[in-house]
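For reference, the structure is listed below as structure tokens.
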Amino acid sequence: MDFLRPETLAEALALKAERPDAVPIAGGTDVMVELNFDHRRPPALLDLTRVPELQRWDEGLRIGAGVPYARIIAELGDRLPGLAMASRTVGSPQIRNRGTVGGNLGAASPAGDTHPVLLASDAVVEVASARGSRMIPATEFYLGVKRNALEQDELIVAVHLKPAAGPQQFSKVGTRNAMVIAVCSFAISLFPAEKRVGAAVGSAAPTPRRAREAEEFLASELDFSSPKPLLDSVKREFGELVSRAASPIDDVRGSAAYRKHALAVMARRTLGWAWQELIDGERACA
Amino acid sequence: MTLTPAELTSAVSGGIGTSPQRPDGNLKVRGEFAYASDLWHEDMIWGATLRSPHPYARITSVDITEALKVPGVYAVLTHLDVPGRNLYGLEHKDQPVLAVDVVRYQGEPIALVGADHPETARRAMKKIVVTYDVLEPVVDMETAVDDTPLHPGGNLVRHVPIRRGSRDVTADVVVTGRYEVGMQDQAFLGPESGLAVPAGDGSVDLYIATQWLHVDRSQVAAALGLPEEKVRLTLSGVGGAFGGREDLSMQVHACLLALHTGKPVKMVYNREESFYGHVHRHPAVLYYEHGADHTGKLVYVRTKMYLDGGAYASSTPAVVANAATLGVGPYEVDNVTVDAYGVYTNNPPCGAMRGFGAVQAGFAYESQMDKLAEALGMSPVDVRVRNAMTEGSVMPTGQVVDSAAPVAQLLKLVQDKPLPAGTSTDIRELPGGVSNTTHGEGVVRGVGYAVGIKNICFSEGYDDYSTARVRVSMVNGELAAAVHTAACEVGQGLVTIMQQIVRTELGIERVTVLPMDTTIGNGGSTSASRQTYVTGGAVKAACALVREKLAGRTDIGDEVIDETTEWRHRATEAIDPETGQGNAHVQYGFAAHRAVVDVDVELGLVRVVALDCAQDVGRALNPQAVVGQIQGGSAQGLGLAVMEEIQTSGGKVRNPSFTDYLIPTVLDMPPMSIDVLELADPHAPYGIRGVGEPPTISSTPAIVAAIRAATGLALTRVPVRPEHLTGT
Ligand SMILES: Cc1cc2nc3c(=O)[nH]c(=O)nc-3n(C[C@H](O)[C@H](O)[C@H](O)COP(=O)(O)OP(=O)(O)OC[C@H]3O[C@@H](n4cnc5c(N)ncnc54)[C@H](O)[C@@H]3O)c2cc1C
Chain A
1 MDFLRPETLA EALALKAERP DAVPIAGGTD VMVELNFDHR RPPALLDLTR VPELQRWDEG
61 LRIGAGVPYA RIIAELGDRL PGLAMASRTV GSPQIRNRGT VGGNLGAASP AGDTHPVLLA
121 SDAVVEVASA RGSRMIPATE FYLGVKRNAL EQDELIVAVH LKPAAGPQQF SKVGTRNAMV
181 IAVCSFAISL FPAEKRVGAA VGSAAPTPRR AREAEEFLAS ELDFSSPKPL LDSVKREFGE
241 LVSRAASPID DVRGSAAYRK HALAVMARRT LGWAWQELID GERACA
Chain B
1 MTLTPAELTS AVSGGIGTSP QRPDGNLKVR GEFAYASDLW HEDMIWGATL RSPHPYARIT
61 SVDITEALKV PGVYAVLTHL DVPGRNLYGL EHKDQPVLAV DVVRYQGEPI ALVGADHPET
121 ARRAMKKIVV TYDVLEPVVD METAVDDTPL HPGGNLVRHV PIRRGSRDVT ADVVVTGRYE
181 VGMQDQAFLG PESGLAVPAG DGSVDLYIAT QWLHVDRSQV AAALGLPEEK VRLTLSGVGG
241 AFGGREDLSM QVHACLLALH TGKPVKMVYN REESFYGHVH RHPAVLYYEH GADHTGKLVY
301 VRTKMYLDGG AYASSTPAVV ANAATLGVGP YEVDNVTVDA YGVYTNNPPC GAMRGFGAVQ
361 AGFAYESQMD KLAEALGMSP VDVRVRNAMT EGSVMPTGQV VDSAAPVAQL LKLVQDKPLP
421 AGTSTDIREL PGGVSNTTHG EGVVRGVGYA VGIKNICFSE GYDDYSTARV RVSMVNGELA
481 AAVHTAACEV GQGLVTIMQQ IVRTELGIER VTVLPMDTTI GNGGSTSASR QTYVTGGAVK
541 AACALVREKL AGRTDIGDEV IDETTEWRHR ATEAIDPETG QGNAHVQYGF AAHRAVVDVD
601 VELGLVRVVA LDCAQDVGRA LNPQAVVGQI QGGSAQGLGL AVMEEIQTSG GKVRNPSFTD
661 YLIPTVLDMP PMSIDVLELA DPHAPYGIRG VGEPPTISST PAIVAAIRAA TGLALTRVPV
721 RPEHLTGT
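For the record, the sequence lines run as chains A and B.
Positions 1 to 286 (the UniProt record's numbering) are the ones given, in order, by the first sequence.
Positions 1 to 728 (the UniProt record's numbering) are the ones given, in order, by the second sequence.
The following block contains the structure:
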């Protein structure tokens, strides 16, 4: 197996163009597991950890694909609370030191924790090849179970996000209190100025997906200009719509029925927390 | 003048009753301890095992031609290459070393490859062509006996009936229940591994992580067709065992390859293969009926239980006997009817695991005691105390409990501990933790109690002994001792205990523990909570012989005092095959738990907030090790209560990895408050009582009782899943 170690992004893209069968490796927390289990024996690994362009984020919140979770939590938690919450639930401290959002996107597991947040907060994935670069909205990035929109010669360069325009929440169910793959997960972002809500589910369909009907329902129900405590019926209806957006399966981690049920509960609760934060924020400003 | 041990103790530190530092502790924490998987030999090759993908199938052909052609392959072996008896097993020799014409479980070994690199071996393995005639697997333990016979004698491995008192009694209050226990795994962290080194004379040395060197050796020698002295075993670094290493895994396979190729052969399972490579805890279905008078006094207990032994017998007969003889728990009951059945199916083979039959029964009888308390309007502790066994109580087998049985005291100790503060507002301490599933919504607290009983040491007339050799000589002008046994250190701290015993008995501070191997006699199994008792007893006895020769001298010049002795605990008896009566067990151990849980009743997520324990250990030879055993045993019980299960479907394992077989993390296991009682057992060396297993028994039902208290749900199956709590 060849081990390719580019020092710049241009070099990495050139290598990927030359060797489309080379498997990129960032933190390696997915790749190495596959190698150890003999699920995959690629002819080459393309090590991205030395590519400086991938290791940084800028004030425009273009976050390099190789920025590990630990740094997202520490450095971006104030501007991207949703992504930080999701990052905090990934694996263990060791995994958060190594693992990256780029890797989460590369693996495109339906259970990846950052996906619902990226969907709910209108993230755009910047990908590039020797041919040029493309901006892919997160909503168009996930194509199937562990399949994404990357072409053979492309690499994920960065994720573009906007600083949270309002309260954000992320919630994940697992059958252990830490270090657990999501049985299902949910993210919500409020955009008060635009009077709308982003909502997405994880680990409850072949791909992470947005809950559009639920979003539309809230856009029409919520009074962003003078937020008042929510009616239970609104939260409940929202939960139902989120649950309906999912098409989960029964597997060793949980039953489809449980996932639907849990999504409704998480949607209800996170909406309540986010909305309360908005009310508290208004009060603080008043 | 001869000195008594007590006088000698005063001169040396690190004797019994203290907690000297373990030699392996720092190494393990730093990741520097050499486990069997780190074994290395110049010139060694690697072994790999081809396993059946089917739970039940007829093998119609095996073609190894292409595999042999792979460059770097030294050998491809099948059952035709097993020179001795191609059957082994702890109690029944029913399991093939390599499958002949039928496979009875998914993962059953069929062929072996020896190659210059693990990768080569794996690639070659893929070129072995096996054709199967796939058969309908038998997977239901309750109907297995009447299903397709999987072995010549049918599918009943053992039926243990117990008949005590009258069956013709009635009670004021009757509660019944059906309970299920899922298949738990030992989940030791060091996977199966070993290194077989052939010697020129046709003999072989095996360096191996195991629980019982001598029984491994007799099985390996029989399979290799060698006399036992031609098979030498040395214990290598063991990364946990919990029963999962009592049966053979790759022992014979590595030796076969080594003798066949003339090269040292290393085999290491990866995590997935490990799930197929060792036995698990028997899943069980248990039916119970408890009758009590209106004061809560038990009138009778009737139970019928099924334990799924899977494809091969392993230690099923003994597990069934434990479940039966301990089946009413630590309670006095005059009228008992038990029928316990261990059966063959095409599920993964099950055998020894910490608690050994007592865990399955414990979940059921403690659930019943709670149900009884509710029916009587009594508190769970009161109904248990009302029936608690004491010294002098009679077991369902008729055996009189002839040392301390402080069941009521243990319960009261945990009951009287302060309760933790109310539900936290910090999400890190709520169900789900930083997964941010609740900020307090839906969270309900519950408290539950349980107590359990476990037999210590081997039972039913088994000649259970250990051999110890103690050698004393002068080193640098000082007396120094070396102790040698074949008893396996699997991480429990036996090395330290043996040093402590020698220090106390001989007053010699410098004590070396020699490698554990088969050049000395049998040390017995590191199981049944027995090594401190039995091997500790043997070391103590060998020390007594040495002490006599030492005769108080502190300078023995060039003399070497070298004494070897066998030591056995008092004999037990077989139980009557029709009535189950007999003095089956050596000693009984007891532990009680109080669990406090926070349950998110809407999401079905559980946080164990407190799991306090009281246990009688007779005498704490190493107090820190005792507490460590209680914490570990409780954690393993917590795992069974809320997460640990090998899920099978049609005999196939669905979650053979630590991604989906979840064991508790440090954030799942609360800090424990532990009371250790030291009520000496006059029959045991130093009065000790085995420690390792009792806490595993009571932890699970205490947690489930607490979840019931929080939710009001019946919860008759462990592990409790979110689906059970949310009805989804
Ligand atoms: C013990 C453990 C616990 C875990 N727990 C969680 C969890 O709780 N939640 C969760 O979501 N995940 C979890 N994971 C999975 C994993 O940590 C995450 O998916 C992580 O985000 C992967 O990042 P990485 O940098 O390590 O990726 P890598 O393993 O390096 O790569 C992952 C995939 O992405 C591709 N890739 C990486 N970078 C790029 C790039 N720049 N361009 C194109 N392709 C790229 C790789 O080729 C590969 O296919 C866990 C893993 C382990 C081992």
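Every residue, glycine too, gets a C-beta built ideally from N, C-alpha and C.
Where residue i sits in the DSSP three-state scheme
i: B:Y462; result: coil
i: A:T8; result: coil
i: residue 776 of chain B; result: Since the first residue of chain B shown is 1 and the last is 728, residue 776 of chain B is not available in this structure.
i: B:L8; result: With a pLDDT of 39 at B:L8, under the threshold of 50, the predicted position of this residue should be treated as unreliable, though the coordinate-derived value follows. In this structure, B:L8 counts as helix in the three-state DSSP scheme.
i: B:N476; result: coil
i: B:R717; result: strand
i: B:I501; result: helix
i: B:P380; result: helix
i: A:S243; result: helix
i: B:C488; result: coil
i: B:Y533; result: helix
i: B:Q360; result: helix
Rounded C-alpha distance that separates residue i from residue j
i: B:L8; j: B:T512; result: Reliability fails at B:L8, whose pLDDT of 39 lies under 50, so the model's placement of it is uncertain and no value is given.
i: B:T496; j: B:C543; result: 16 Å
i: B:R721; j: B:R594; result: 21 Å
i: B:A710; j: B:D382; result: 19 Å
i: B:L27; j: B:A34; result: 8 Å
i: B:A232; j: B:D517; result: Before going on, a small fix: residue 232 of chain B reads as Arg here, not Ala. C-alpha separation (whole angstroms): 8 Å.
i: B:V502; j: B:R471; result: 10 Å
i: B:A6; j: B:D555; result: Here B:A6 scores only 40 on pLDDT, less than 50, and its place in the model should not be relied on; the value that follows carries that caveat. Spanning the two alpha carbons is a distance of roughly 20 Å.
i: B:G296; j: A:P227; result: 58 Å
i: B:N335; j: B:L372; result: 17 Å
i: B:N322; j: A:A108; result: 49 Å
i: A:R253; j: B:G327; result: 32 Å
i: B:H439; j: B:G604; result: 15 Å
i: A:H115; j: A:I63; result: 15 Å
Cβ-Cβ distance between residue i and residue j below 9 Å
i: B:E509; j: B:K540; result: no
i: B:A352; j: B:G452; result: no
i: A:G82; j: A:I188; result: yes
i: B:G589; j: B:Q631; result: no
i: A:L271; j: A:L230; result: yes
i: A:V183; j: A:V173; result: yes
i: A:P42; j: A:V23; result: yes
i: B:A528; j: B:G690; result: yes
i: B:Y276; j: B:V138; result: no
i: B:M267; j: B:W46; result: yes
i: B:T397; j: B:T316; result: no
i: B:G190; j: B:G237; result: yes
i: A:G102; j: A:G66; result: yes
i: B:I646; j: B:G72; result: no
i: B:V666; j: A:M85; result: no
i: A:K195; j: A:S225; result: yes
Close beta carbons around residue i, own chain, < 7 Å, minus the five adjacent residues each side
i: B:K304; result: Y287 and D339
i: B:L670; result: In the sequence under discussion, the amino acid at residue 670 of chain B is Pro, which differs from the Leu named in the question. Answer for B:P670: V608, V609, A610 and L611, listed in chain order.
i: B:N622; result: S19, G493, T496, I497 and Q500
Cut-off 6 Å between Cβ atoms - residues of its own chain near residue i, not counting five sequence neighbours on either side
i: B:L514; result: A482 and H484
i: B:V617; result: V626, V676, R689 and V691
Sequence-distant residues of its chain with Cβ nearer than 8 Å to residue i (five each side left out)
i: B:E142; result: V285 and Y306
i: B:N86; result: H79, P96, V97, L98, V100 and A223
i: B:S10; result: Reliability fails at B:S10, whose pLDDT of 45 lies under 50, so the model's placement of it is uncertain and no value is given.
i: B:T580; result: It should be noted that the sequence gives Gly, not Thr, for residue 580 of chain B. So the qualifying residues of the chain are V160, P161, I162, R163, R164, A324, T325, V338, P396 and T397.
Residues that residue i contacts on chain E, provided the C-beta gap is smaller than 7 Å
i: A:H115; result: Given the protein chain composition of this structure (A and B), no chain E is represented.
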